[in-house]
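> Okay, so the sequence shown: first residue is 1 according to the working numbering, each after it adds one.
Backbone N, C-alpha and C define an ideal beta-carbon position, used for all residues, glycine too.
Remember, it's a predicted structure, so these values are computed and weren't measured experimentally.
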Amino acid sequence: MSNILVTGGAGFIGSNFVHYAVENTEHTVTVLDALTYAGNRASLAGLPEDRVRFVQGDITDAELVDRLTGEADAVVHYAAESHNDNSLHSPRPFLDTNIVGTYTLLEAARKHETRFHHISTDEVYGDLELDDPERFTEQTPYNPSSPYSSTKAGSDLLVRAWVRSFGVQATISNCSNNYGPYQHVEKFIPRQITNVIRGIRPKLYGAGENVRDWIHANDHSSAVLTILEKGRIGDTYLIGADGERNNKDVVELILEEMGQPRDAYDHVTDRAGHDLRYAIDSTKLRTELGWAPEFADFESGLAATIQWYRDNEAWWAPAKDTTEAFYASKGQ
Numbered sequence: 001m002s003n004i005l006v007t008g009g010a011g012f013i014g015s016n017f018v019h020y021a022v023e024n025t026e027h028t029v030t031v032l033d034a035l036t037y038a039g040n041r042a043s044l045a046g047l048p049e050d051r052v053r054f055v056q057g058d059i060t061d062a063e064l065v066d067r068l069t070g071e072a073d074a075v076v077h078y079a080a081e082s083h084n085d086n087s088l089h090s091p092r093p094f095l096d097t098n099i100v101g102t103y104t105l106l107e108a109a110r111k112h113e114t115r116f117h118h119i120s121t122d123e124v125y126g127d128l129e130l131d132d133p134e135r136f137t138e139q140t141p142y143n144p145s146s147p148y149s150s151t152k153a154g155s156d157l158l159v160r161a162w163v164r165s166f167g168v169q170a171t172i173s174n175c176s177n178n179y180g181p182y183q184h185v186e187k188f189i190p191r192q193i194t195n196v197i198r199g200i201r202p203k204l205y206g207a208g209e210n211v212r213d214w215i216h217a218n219d220h221s222s223a224v225l226t227i228l229e230k231g232r233i234g235d236t237y238l239i240g241a242d243g244e245r246n247n248k249d250v251v252e253l254i255l256e257e258m259g260q261p262r263d264a265y266d267h268v269t270d271r272a273g274h275d276l277r278y279a280i281d282s283t284k285l286r287t288e289l290g291w292a293p294e295f296a297d298f299e300s301g302l303a304a305t306i307q308w309y310r311d312n313e314a315w316w317a318p319a320k321d322t323t324e325a326f327y328a329s330k331g332q
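1) Let me confirm a value: Q307 is counted as buried when at least 16 other C-beta atoms fall within 10 Å, else exposed. Which label applies?
2) On a Cα-Cα basis, can you pick out the residue from D122, R164, D58 and S82 that is closest to A241?
3) So is N283 buried or exposed if we call it buried at 16+ other beta carbons inside 10 Å?
4) So, are the CB atoms of T226 and L289 less than 9 Å apart?
5) What does A170 pair with, by DSSP beta-bridge criteria?
6) With distances taken Cα to Cα, identify the nearest neighbour of N339 among S149, R198 and G167.
7) Could you pull the DSSP bridge partners for T7 from this structure?
8) State the Cα-Cα distance for the pair V333 and L253, rounded to the nearest angstrom.
9) Should L130 go down as buried or exposed, given a rule of 16 or more other Cβ atoms within 10 Å for buried?
10) Please give me, in chain order, every unbroken run of the beta strand (DSSP E) with length at least 3 that falls completely inside the region 138-186.
11) For Y37, name the three-state secondary structure that DSSP assigns.
12) Distance, Cα to Cα, E81 vs R310?
13) Quick one: what's got a C-beta closer than 8 Å to Y278's C-beta in the same chain, skipping five residues either side?
14) Look up L238 in the DSSP assignment and say whether it is helix, strand or coil.
15) If you measure between the beta carbons of G339 and Y78, is that distance less than 9 Å?
16) Taking 9 Å as the CB-CB limit, is A304 close to chain D?
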C-alpha cells in the first residue's frame, strides 16, 4: 500500500495517524476532511507536501469520495461525529456522517476493490459495572447508549454487511478512549489541562467514578497500521493499552503534574446517560498480530500530553472560549 486515503485526517485521532504514518512508513497520504469545528488544518502543519495531500470535502459527497478512493491503495476511515455531549444536543449530524458517510465510502471501496479499514469505538458495547471483572472483547454484544455510540454501531454493522454481501476487503477496530496531541478542548483530558493553563479550576462530572480505558493516540495509530498490514479481512480487533482510570484520578493526576493541589477542581452536573466503565481486552490484536503499546505507562503519556498543550496554546486557544461558554450554559 503506497497511498492511503485518510478520512477525518485533520481531526484528533486522524491527524495523529497521519503524523505517525509519515514518520514511520513510506506511505503517502491523502487527507479528506470537511474541516468542521473538530477538524483543524493546523493539526497537519509541518508535514511534507510530497507525502501528504489535503482535500477539503465531505464523506457524503459520493463523486468526490469515488474519485479519491479510486486513487488510493487503502482507505482508513476516521471521519465521524464523535462527542457524546454534542450527540445529545443535536443528533442529526451523527446520522449523516457516521451512517450515510460510511455507506458512501463503502460503496466506493466496493467499486474500486480498495482495502478498507474502519475506525470505531468501544462505546458501541455500552458500559460495564464498576466492579465487573470482565472487559469488552470482539464477542461482546452491542449495547450503545447515545446517538453517537448507536450511529457508530450502525456504521460497524454496515461494514460487516458489505464484507459479507459484496466482498469488500475491510477490517474494523474498536478502540478505547484516546488522549494525546491535537485533541479538541471539548474533550475531557485537554479541557482540564487547558483549564489549569488558563487558571480555571478543572470540572468533574458527578462524583468522578466513571472509568475509561485510556490509550495514547500514537499507540492507536501503530495498532491501525498493524491491522491494515496484517489483519484478517472481515475481522474486528479491539485496541487498548490497559489504561483504566476513573475520571477523578485523571483530574487529580493532571493537577499534580501541573503543580496544583490534587483537590483543586469543581464537581459539575453529570451528563445524561453517562456510561460507567469501559475496558478493552486487546488479546486478539496482541497475540494474532503481534502488536504492543509504546505508552504502557499512562502517567508518562499524560505528562507528555500536558507538555504538548503547554507548548501549543496557539493551536487550542481559538476554540477554548467558545467551548467553555457552551459548557457554562449547561451548568457544566
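In brief:
1) If you number the sequence shown from 1, residue 307 lands on position 307. That one is exposed.
2) On the sequence shown, residue 241 is found 241 positions in, with the first residue counted as 1. The option with the nearest alpha carbon to A241 is D122.
3) Taking the sequence shown and counting its residues from 1, the one referred to as residue 283 is at position 283. It should be noted that the sequence gives Thr, not Asn, for residue 283. That one is exposed.
4) Counting from 1 along the sequence shown, the entry for residue 226 is found at position 226. Counting from 1 along the sequence shown, the entry for residue 289 is found at position 289. A contact, by the Cβ cut-off of 9 Å.
5) Counting from one through the sequence shown, the residue named residue 170 turns up at place 170. F116, per the DSSP bridge assignment.
6) Absent from the model: residue 339. The displayed extent of the chain is 1 to 332, so no value can be given.
7) Start at 1 with the first residue of the sequence shown, and residue 7 comes out as number 7. Residue pairing of T7 in beta bridges, as defined by DSSP: L32 and H77.
8) Missing from the structure shown is residue 333; the chain here goes from 1 to 332 and no further.
9) Here residue 130 refers to the residue found at position 130 of the sequence shown. With fewer than 16 other beta carbons inside 10 angstroms of its own, L130 counts as exposed.
10) Within the region 138-186, the complete beta strand (DSSP E) segments at least 3 residues long are 170-175 and 177-179, listed from N- to C-terminus.
11) Within the sequence shown, the letter at position 37 stands for residue 37. The answer is coil: DSSP assigns Y37 none of H, G, I, E or B.
12) Position 81 of the sequence shown holds residue 81. Position 310 of the sequence shown holds residue 310. Taking the straight line joining both Cα atoms gives about 27 Å.
13) Taking the sequence shown and counting its residues from 1, one reaches residue 278 at position 278. For Y278, where only same-chain residues beyond five positions count, the Cβ hits under 8 Å are D122, E123, Y125, D127, L128, F136, S176, N177, V211, R212 and D213.
14) Mapped onto the sequence shown, residue 238 falls at position 238. In the structure shown, L238 adopts extended strand secondary structure according to DSSP, grouped into three states.
15) An answer regarding residue 339 cannot be provided, because it is not within the stretch 1 to 332 covered by the chain.
16) Given the protein chain composition of this structure (a single chain), no chain D is represented.
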